[in-house]
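Only one structure is covered here, and it is reproduced in the block below.
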Amino acid sequence: MKITSFNPLICTRHADEIVKVFEELGFKTAHVKEKLNDEDITEFRLKDANGFHVDVSSAGDKLPMPNDLTVIRINVDDFDEAMKFFADKGFFNPLGNRTIDGGSSKDAILLAPSGFGIRLIQHIKNHD
């Protein structure tokens, strides 16, 4: 398993407000994905002039907890291998075995028994 990138991801019910805060810090919206998994989930990818990224997701109400959740987004080259690696360390998917289909990516939120969270993502390249 190779990690290709990582950055913070904020899952919240207040995505627009949080995006505005980061815009005031100099971040620009790199891209927006809407209707992830055909649900009312919008995700913003922000980047600043130094190349730092932060993601903000409106998926906060989809998580089984009342507050916002900040996790580390980890992009990998082998999703299944990464899922096994973290499961062997005690991480679990709070949504069961459900993964998120982002069209060009496959991902899942995983939580450690301590509550620390990660979001695993593998970008799916079209080789046709």
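For the sequence shown, position 78 matches number 78 in UniProt numbering, and the numbering has no gaps at all. Every residue, glycine too, gets a C-beta built ideally from N, C-alpha and C.
Query raised in the report: Excluding the five sequence neighbours on either side, which residues of its own chain have a C-beta within less than 7 Å of the C-beta of Gly15, listed in chain order?
Result: Reading the sequence shown from its first residue, position 15 is the one you call residue 15. Looking at the sequence itself, residue 15 is Ala, so the reference to Gly does not match. Within the same chain, and ignoring the five residues on either side of Ala15 in sequence, the residues whose Cβ sits closer than 7 Å to its Cβ are Thr42, Phe44, Val56, Ser57, Ser58.
Report task. Leaving aside the five residues before and after Gly90 along the sequence, list all residues of the same chain whose C-beta is less than 8 Å from its C-beta, in chain order. Result -> Taking the sequence shown and counting its residues from 1, the one referred to as residue 90 is at position 90. The residues are Ala112, Pro113.
**Report entry** Sequence-distant residues of its chain with Cβ nearer than 6 Å to Gln122 (five each side left out)
**Finding:** In the sequence shown, residue 122 corresponds to position 122, counting from 1. Cβ within range, chain order: Val76, Phe79, Lys106.
Report task. Figure out for me which residue from Lys2, Gly51, Ala87, Glu81 has the closest Cα to the Cα of Gly96. Result -> Along the sequence shown, read from residue 1 onward, the residue named residue 96 stands at position 96. That would be Ala87, whose Cα lies nearest to the Cα of Gly96.
Query raised in the report: In whole angstroms, what is the alpha-carbon distance linking His53 and Leu46?
Result: The residue given as residue 53 occupies position 53 in the sequence shown. The residue given as residue 46 occupies position 46 in the sequence shown. Roughly 6 Å separates the two Cα atoms.
Query raised in the report: Is Ile74 helix, strand or coil by DSSP?
Result: Indexing the sequence shown from 1 puts residue 74 at position 74. Correct three-state label for Ile74: strand.
Query raised in the report: What separation, rounded to the nearest whole angstrom, lies between the Cα atoms of Thr29 and Phe92?
Result: The residue labelled residue 29 in the question sits at position 29 within the sequence shown. The residue labelled residue 92 in the question sits at position 92 within the sequence shown. So the two alpha carbons sit approximately 30 Å from each other.
Query raised in the report: Since Gly115 and Ile109 are thought to touch, with beta carbons under 8 Å apart, how far apart are those beta carbons, to the nearest angstrom?
Result: For the purposes of this step, residue 115 is taken as the residue at position 115 of the sequence shown. For the purposes of this step, residue 109 is taken as the residue at position 109 of the sequence shown. Actually they do not touch by this definition, with Cβ atoms about 12 Å apart.
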